[in-house]
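Working notes, structure below.
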Amino acid sequence: MNDQRPHPHTLPPAPGHAGEDLFAQGGGHQHTTAKQLTLVTATEERDPVCGMAVKRDTPYRSNYAGTRYVFCSAACQRKFEAEPARYVHSHDASVSDEASAAPGTVYTCPMHPEIRQDHPGSCPKCGMALEPVMPSLDADEHPELVAFRRRFWWTLPLTIATVLLAMLGEHAWAIEPPAQNWVELALSAPVVLWAGFPIYVRCLQSLRSRSPNMWTLIGLGTGAAFVYSVAATVAPDLFPRSFVVHGRIAVYFEAAAAIISLTLLGQIFELRARSQTSAAIKSLLGLAPKTARRINPDGSEEDIPLTHVHVGDLLRVRPGEKVPTDGVVVDGASAIDESMITGEPLPVSKGAGDHVIGSTLNASGSLIMRSEKVGAQTVLSQIVQMVAQAQRSKAPMQRMADQVAGVFVLVVVAIAVLAFFGWGFFGPEPSWVFGLVNAVAVLIIACPCALGLATPMSIMVASGKAATQGILFRDAAAIEHFRKVDTLIVDKTGTLTEGRPVFDRALAFDSLDETTVLRLAASLDQGSEHPLAATIVAAARERGLTLAKVEHFASDAGMGVRGSVDGHQLILGNASLMRQEQVTIESQALRANALGQYGASVMYLAVDRKLAGLLTVSDPVKASTPEALSALKAAGIRVVMASGDSIATARAVAGPLGIDEFYGEVKPADKLALVAKLQSEGHVVAMAGDGINDAPALAKADVGIAMGTGTDVAMHSAQVTLVKGDLRGLARARELSQATIANMKQNLGFAFVYNALGIPLAAGVLYPFTGWLLSPMIAALAMSLSSVSVISNALRLRTQVF
3 MNDQRPHPHT LPPAPGHAGE DLFAQGGGHQ HTTAKQLTLV TATEERDPVC
53 GMAVKRDTPY RSNYAGTRYV FCSAACQRKF EAEPARYVHS HDASVSDEAS
103 AAPGTVYTCP MHPEIRQDHP GSCPKCGMAL EPVMPSLDAD EHPELVAFRR
153 RFWWTLPLTI ATVLLAMLGE HAWAIEPPAQ NWVELALSAP VVLWAGFPIY
203 VRCLQSLRSR SPNMWTLIGL GTGAAFVYSV AATVAPDLFP RSFVVHGRIA
253 VYFEAAAAII SLTLLGQIFE LRARSQTSAA IKSLLGLAPK TARRINPDGS
303 EEDIPLTHVH VGDLLRVRPG EKVPTDGVVV DGASAIDESM ITGEPLPVSK
353 GAGDHVIGST LNASGSLIMR SEKVGAQTVL SQIVQMVAQA QRSKAPMQRM
403 ADQVAGVFVL VVVAIAVLAF FGWGFFGPEP SWVFGLVNAV AVLIIACPCA
453 LGLATPMSIM VASGKAATQG ILFRDAAAIE HFRKVDTLIV DKTGTLTEGR
503 PVFDRALAFD SLDETTVLRL AASLDQGSEH PLAATIVAAA RERGLTLAKV
553 EHFASDAGMG VRGSVDGHQL ILGNASLMRQ EQVTIESQAL RANALGQYGA
603 SVMYLAVDRK LAGLLTVSDP VKASTPEALS ALKAAGIRVV MASGDSIATA
653 RAVAGPLGID EFYGEVKPAD KLALVAKLQS EGHVVAMAGD GINDAPALAK
703 ADVGIAMGTG TDVAMHSAQV TLVKGDLRGL ARARELSQAT IANMKQNLGF
753 AFVYNALGIP LAAGVLYPFT GWLLSPMIAA LAMSLSSVSV ISNALRLRTQ
803 VF
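Heads up: the sequence shown runs through residues 3 to 804, numbered per the numbering used here.
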C-alpha cells in the first residue's frame, strides 16, 4: 500500500489551526475594536502607557471604563491609574495630523512584526513608521509619508534661509552679530519645533520605554544643538569668552534646522522605497478579476461583483477572461494560463471535472464552472496571506542585528559624551564649541536605521519574488535555513509522481472473482481521502458496481484501511499492514513483487483475515521530476526517497530517477525517525511530501516542503509550499535563499562599515592628523542616504533570475 492513506482521525491538525485553511495561520490575530487597545500578537496586548508588547497573563493589570488593560511594569500601571483618560484616548502625537486609516487596516513595524495596531503611527521599540500588514491596491499614500512631506516642504524655505544667513549673514547683509542670533532663532524655531515635533515625540517614547533607537540619537543631537543655541541667544553673558566667534556666541540653529530637514527628507525617500517592497503582494492582488458572469437557475446570465459569488454558483468563463474563483469545470474545454499563480509558463488543458484556480487566464475555449472556494479561501487569497506573513516575520540573523542595535545606541551616546568632554578639556579654542559640534555629529551619523533595515528589507523582497514563481515561504527563518540544506527526503506519491493514479487491475483468489474484489475494496475505500482510494472508488463506479456501506472504518496512515462491509471484516493495505494484522500473504508475495517491479502500487485485500485479492494502481512520474532531481544533485544535495509502497515498487521508481538511497514500506513514524537519524549525523535535512502521513516528518525536518497539490495538514506542517507541486521549485528556492542571505550580509556589512568609519570621523579622531571635522549637516545627509542605499540594495533581488 502506498504511504499516504489519510483519514480525518488519523492525525489531528496542528494546534491553533483547527478549521483553518492553507496559509491562513501565523501572525497575531487582528480583531480589534475602537474601544479596545491593540492586540500585538495572539497572546499579547499593548501597554497603553509605553506601547510595549505585554503578555496577557502579566500581573500588572487594571480595569477602566469596563475594559481591562495590561502593563509591562508597576510603574506604567501607576501612571495609567493616575490619569487613565490620558492614555486611553491619546494617540501617537506624531501622527495626530495624519490621515486616518481605513477601517480594519492593521499596521505593523517592518523591523518588529510583533507590533500590531489598528491605526498608523510609530513603532514603540524602534520608532519606525508602521505600515499596513496587507497592502491594498486602492490604498492612499502612507499617512506618515504625507505628514513628513508636508512638514518638509513647508519648512524647507526657512531651513535654507537659516543656513544662508549663518554662512553669509555678516558679509551679505548689514546685521549686527548679536541680532543675527535672534533672526536665526526666529527662522529655525518653526523647523525644529513643528517640523521636528514627531522626532522629539519618538525620542521621548524611546527614553520612556527604555528602547533607545535612531530617534533617540537624532532627538538628543538636534535638541542639544537647539537648546544650547537658544541659551546662547537669550543669555549670552552666561557663556565664557572662549565661546565668542566673530563678535557673537557661536550658535548652531542652522545645524539643528538642516538636520531636521535632512532627516525628514531621508524618511520620505525611505518610505517611498519601503513601499516598493510590497509590490509583489500588490501584483498578486491585481490578478483578481473584479466581476464574474453568473448563470442563474432560470438559465439567464448576469455580471456580478466578485464579492457576490457564493459557493456552488455556476459561472461562465469566456475566452480571454480570468477565472473568477476556485472551482471545478462542469462543461466545456479550454487551456488555462496558470503562470501567474504557479510560475509554470505552459497553459494547462482543462475539461469537465478538472479544478481551476481563481485569477488564472482562460486562453481559448469557453468554460462553465462551479465555484468551490470564495473570498479568503481561494488559492490566491491564501498565497497573499502567506506572503504577507513571511514578509512580516523576523529572520534569525535579524535578532543578532536587533541585539547589536540596542547596545549600539548606548555606546554611541557614551562616545558622544566622551567627544564633548574630550574636545572641551583638550581641544583647541573654542574647545567647548568644537565639543558640542562633534558630539552632535556623532549622535546623528551613528543612527542605526541602516542596521535595523538590513535584514527586513531583504526578506520582504525575497518572499515576494518567490511567490511570483510559485514558491511560498512561511517565514524568514525558512528563507535563511534553506541554503544550508544538504539532504532531501522525498515522498513518492504526489511528490515524485503525479498523485493522480490510474487503476490497473484486480486479482482474485479462492472463490472470489475480480469484480467482487474491486467492489469490496471500493466500498471500504469510500471512507478514505487518499488518491489511491479515490482511484479505486472511481474505477468501481465506472464499471457500474453498487458499493456497500462501510462500518467501523479506521485508517492506518502510511499502511492502509480497515472496516466492515456486508458483515465481513476487510483489511486493505500494504504488506506491513497485513503482517501487523497477522494475515498470511507469502503465497502471493512473489506475484505482488513482480507487479511492483513495474512501478505499480500493490494493495492486498483480506476478507475475514484471509487474503482474498490484489489490486494494482499505477501513478506516473511527473515529467518535471528528472530535471528537478538532476538540478538538486548538481547543487550537492543528497536525495533520499521514503515510500509506504513495497520495496519492489520503491525500487522501480527510484532506479530510473537515479535515486540510489530509497526505503519502502515506511510508516509515518519511520519517516520521522529517518529525519532524526540524518539530523543526528550532522545533516541539515529537508523533507518534501504532500500527505497527512508526511506531517510529522515535515514538522521535524529543518525545512519542511509541502506540495501545494497535497493535504492541508501537510502544508500546515511545512515551512515551504510549492504551489504547483513541482520539485524544480526547490532548486530555485535554494538559489533565492543563497542570494537573499548574501544580500542581507551585504546590507549588514555596509551598515557596520558605515558606522565604523563615520563615528570616528564625526568624533574628530582624524583632526590632529588631517584637520578634518564632520559637519552635523553632512552627518545627517549621510545617515539618510545610508538607509536608502540599504533598501535599494535589497530591491535588487527583484531583478535577479532564479
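Every residue gets a Cβ at the ideal spot worked out from N, C-alpha and C, and that includes glycine.
Every value quoted in this text rests on a predicted model; they were computed, and no experiment measured them.
Can you list, in chain order, the residues of its chain whose CB lies under 6 Å from that of residue i, leaving out five sequence neighbours each side?
i, result
"residue 721", "476, 480, 705 and 706"
"residue 193", "157, 160, 161, 259 and 262"
"residue 93", "With a pLDDT of only 37 at residue 93, under the threshold of 50, the placement of this residue in the model should not be trusted; the figure read from the coordinates follows. Taken in chain order, the list of residues that qualify is empty."
"residue 642", "491 and 663"
"residue 760", "447"
"residue 151", "270"
Could you tell me the boundaries of the beta strand (DSSP E) in which residue i lies?
i, result
"residue 649", "Unbroken run through residue 649 is the alpha helix (DSSP H), 649 to 659; no beta strand (DSSP E)."
"residue 552", "552 to 558"
"residue 707", "705 to 709"
"residue 489", "489 to 492"
"residue 724", "722 to 724"
"residue 64", "63 to 66"
"residue 374", "369 to 375"
"residue 475", "473 to 475"
"residue 537", "Note, residue 537: premise wrong, no beta strand (DSSP E); alpha helix (DSSP H) at 533 to 544."
"residue 352", "350 to 352"
Contact check, residue i vs residue j under 8 Å by CB: the rounded distance?
i, j, result
"residue 615", "residue 510", "5 Å"
"residue 639", "residue 490", "5 Å"
"residue 359", "residue 724", "The Cβ separation is near 14 Å, so there is no contact."
"residue 482", "residue 251", "With 8 Å as the limit, residue 482 and residue 251 do not qualify as a contact, their Cβ atoms being about 54 Å apart."
Determine whether the beta carbon atoms of residue i and residue j lie at a separation below 8 Å.
i, j, result
"residue 227", "residue 442", "yes"
"residue 572", "residue 561", "no"
"residue 611", "residue 629", "no"
"residue 314", "residue 351", "no"
"residue 519", "residue 619", "no"
"residue 637", "residue 733", "yes"
"residue 108", "residue 82", "no"
"residue 708", "residue 731", "no"
"residue 797", "residue 463", "yes"
"residue 267", "residue 446", "no"
"residue 183", "residue 224", "no"
"residue 488", "residue 685", "yes"
"residue 668", "residue 632", "no"
So, for residue i: in the same chain, excluding its five sequence neighbours on each side, which residues have a beta-carbon less than 7 Å away from its beta-carbon?
i, result
"residue 20", "Note that residue 20 scores 30 on pLDDT, short of 50, meaning its location in the model is unreliable and no value can be drawn from it."
"residue 802", "741"
"residue 795", "745, 748 and 749"
"residue 586", "613"
"residue 98", "Confidence at residue 98 is low in this model, with a pLDDT of 37, below 50, so its placement is unreliable and no value can be given for it."
Name the two residues that bound the continuous alpha helix (DSSP H) containing residue i.
i, result
"residue 730", "730 to 765"
"residue 445", "433 to 447"
"residue 580", "577 to 582"
"residue 805", "A question about residue 805 goes unanswered here, because the residues of the chain that appear run from 3 up to 804."
"residue 307", "Premise fails: residue 307 lies in the beta strand (DSSP E), 303 to 307, not in any alpha helix (DSSP H)."
"residue 665", "Looking at the DSSP string, residue 665 is not in any alpha helix (DSSP H); the run it does join, the beta strand (DSSP E), is 663 to 665."
"residue 632", "627 to 636"
Determine, for residue i, whether the minimum Cβ-Cβ distance to residues of chain B falls below 8 Å.
i, result
"residue 708", "Considering every chain present, this structure includes no chain B. It has just one protein chain."
I'd like the list of long-range same chain contacts for residue i, defined as Cβ closer than 8 Å, with 5 residues on each side in sequence excluded.
i, result
"residue 377", "309 and 383"
"residue 593", "509 and 616"
"residue 521", "542, 547, 548, 549 and 550"
"residue 320", "295, 364 and 368"
"residue 303", "295, 296, 297 and 318"
"residue 60", "72, 73 and 74"
Next item on the list: Check whether the segment 465 to 474 touches the segment 749 to 757, taking contact to mean three or more Cβ pairs, one atom from each stretch, closer than 8 Å.
Entry: no
Check: For the segment 494 to 511 against the segment 531 to 544, are there 3 or more C-beta pairs whose distance is under 8 Å?
Finding: yes
Checklist line | Touching by the beta-carbon criterion (3+ pairs, under 8 Å), the segment 424 to 436 and the segment 196 to 208 | finding: no
Margin query: So, does the segment 648 to 657 touch the segment 548 to 557, judging by three or more C-beta pairs under 8 Å?
Written below: Result no; under three Cβ-Cβ pairs closer than 8 Å.
Check: Are three or more beta carbon pairs between the segment 661 to 669 and the segment 504 to 518 nearer than 8 Å?
Finding: No, they do not touch.
Next item on the list: Take every Cβ of the segment 333 to 342, pair it with every Cβ of the segment 299 to 310, and state whether three or more of those distances are shorter than 8 Å.
Entry: Contact between the segment 333 to 342 and the segment 299 to 310 is not established, with fewer than three Cβ pairs separated by less than 8 Å.
Check: For the segment 313 to 329 against the segment 288 to 301, are there 3 or more C-beta pairs whose distance is under 8 Å?
Finding: yes
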